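Engineer: As given, the protein sequences belong to chains V and R, one line each in that order.
Under my numbering, think of the first position of the first sequence as 1, with each following residue one higher.
Under my numbering, think of the first position of the second sequence as 1, with each following residue one higher.
All residues carry an ideal CB built from backbone N, CA and C; glycine is no exception.
Just so you know, these numbers come straight off a predicted model, no measurement behind them.
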Amino acid sequence: GENVEQHPSTLSVQEGDSAVIKCTYSDSASNYFPWYKQELGKRPQLIIDIRSNVGEKKDQRIAVTLNKTAKHFSLHITETQPEDSAVYFCAASTGTGGFKTIFGAGTRLFVKA
Amino acid sequence: EAQVTQNPRYLITVTGKKLTVTCSQNMNHEYMSWYRQDPGLGLRQIYYSMNVEVTDKGDVPEGYKVSRKEKRNFPLILESPSPNQTSLYFCASSGTSEDEQYFGPGTRLTVT
Chain V
1 GENVEQHPST
11 LSVQEGDSAV
21 IKCTYSDSAS
31 NYFPWYKQEL
41 GKRPQLIIDI
51 RSNVGEKKDQ
61 RIAVTLNKTA
71 KHFSLHITET
81 QPEDSAVYFC
91 AASTGTGGFK
101 TIFGAGTRLF
111 VKA
Chain R
1 EAQVTQNPRY
11 LITVTGKKLT
21 VTCSQNMNHE
31 YMSWYRQDPG
41 LGLRQIYYSM
51 NVEVTDKGDV
61 PEGYKVSRKE
71 KRNFPLILES
81 PSPNQTSLYF
91 CASSGTSEDE
101 QYFGPGTRLT
111 VT
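#1: If you measure from the beta carbon of Ile102 (chain V) to each beta carbon in chain R, is any gap under 8 Å?
#2: Would you mind stating whether Ser87 (chain R) and Thr15 (chain R) have Cβ atoms separated by less than 8 Å?
#3: For the region 71-83 of chain V and the region 13-25 of chain V, state whether three or more C-beta atom pairs, one from each stretch, are separated by less than 8 Å.
#4: In whole angstroms, what is the alpha-carbon distance linking Val66 (chain R) and Tyr48 (chain R)?
#5: Determine the direct distance from the alpha carbon of Glu5 (chain V) to that of Phe114 (chain V), and round the result to whole angstroms.
#6: With a cut-off of 8 Å on the beta carbons, I'd call Gln14 (chain V) and Ala86 (chain V) a contact; round off their distance for me.
#7: Kindly say whether Gln45 (chain R), judged by its beta-carbon, lies nearer than 8 Å to any beta-carbon of chain V.
#8: Check the DSSP bridge columns for Arg51 (chain V) and list the partner residues they point to.
#9: Ignore the nearest five residues each way along the sequence and tell me which others in Gln37 (chain R)'s own chain have a CB closer than 7 Å to its CB.
#10: Using a beta-carbon distance cut-off of less than 8 Å, what residues from the region 55-89 of chain V approach chain R?
#11: Is the shortest distance between the beta-carbon of Asp27 (chain V) and the beta-carbons of chain R less than 8 Å?
#12: Using a Cβ-Cβ distance under 8 Å, would Asn31 (chain V) count as near chain R?
#13: Interface residues of chain V around Glu100 (chain R) at Cβ under 8 Å?
#14: For Arg108 (chain V), which residues of its own chain have a beta-carbon under 6 Å away from its beta-carbon, when the five flanking residues on both sides are left out?
#15: Indicate whether at least one CB of chain R lies closer than 8 Å to the CB of Phe99 (chain V).
#16: What residues from the region 70-97 of chain R come within 7 Å of chain V, judged by C-beta to C-beta, listed N to C?
#17: For Met50 (chain R), which residues in chain V fall below 9 Å Cβ to Cβ?
#18: So what's Glu39 (chain V) in DSSP terms, helix, strand or just coil?
#19: Indicate whether the contact test is met: 3 or more Cβ pairs, each with one atom in the region 54-63 of chain R and one in the region 5-15 of chain R, closer than 8 Å.
#20: Which residues in the same chain as Ser26 (chain V) place their Cβ atom closer than 6 Å to its Cβ, once the five residues preceding and following it in sequence are excluded?
#21: Could you work out which residue in R:Trp34, R:Met50 and R:Gln101 is closest to Glu114 (chain R) when comparing CA atoms only?
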């Protein structure tokens, strides 16, 4: 079946450094790519998303890039802060004719002060 | 306040005893989904609904049923729960297929 691979599974950075998380998807019909942050014991919350007709999107310290040819998208967090520590999930969604959403397995990010 | 609610938040039950987890949203969203979250596996979609009376299977539908009789409600039904359905369950809703999904607080289910 369709899947989304996410790497790395764990990432540890020093406060102020950048963090990059990468995802690869298999369903070429995917057209919506959100990123969710989940803090311990809480529900996932959207931090940024990108649609298939856009190559890059930025929101303050967070940016996402999409390469549809390679079926690859990445999350970039700059100037990391301790409160960025959480689990991050990428997802690929196919909206045409359905609403299938496949999530990556998650990346646990530790930001050391 | 815009929100997605789930009940119960915690449930311990025994194998074979039918149960229902309710989900309700007050944002008039057409799209709703159920996910289960297991360590190391991320969130896996169980079922989704694109509108009233329109539902379809996600990635892991076996052992689950859903219904969408009203726009705001999307209950998850386990007719005969088994221990491998022990998990954290999230309901989510969104306005379109290319919009943010708003998640409920989660339901932690244990089947013994």
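Structural biologist: Let's see:
#1: Yes, contact with chain R.
#2: no
#3: yes
#4: 9 Å
#5: Outside the shown range of chain V, which is 1 to 113, sits residue 114 (chain V), and nothing can be said about it.
#6: Wrong, their Cβ atoms sit about 17 Å apart, outside the cutoff.
#7: For Gln45 (chain R), the answer is yes, since a Cβ of chain V falls inside 8 Å of its Cβ.
#8: V:Tyr32, per the DSSP bridge assignment.
#9: Leu43, Ser87, Leu88 and Phe90
#10: Phe89
#11: no
#12: yes
#13: Pro34, Leu46 and Asp49
#14: Thr10 and Val87
#15: Residue-level contact check: Phe99 (chain V) touches chain R, since one or more beta carbons of chain R fall below 8 Å from its beta carbon.
#16: Phe90 and Ser97
#17: Gly98 and Phe99
#18: Annotated three-state conformation of Glu39 (chain V) is coil, per DSSP.
#19: no
#20: Glu2 and Asn3
#21: Lying outside 1 to 112, the shown extent of chain R, residue 114 (chain R) is not represented and no answer is given.
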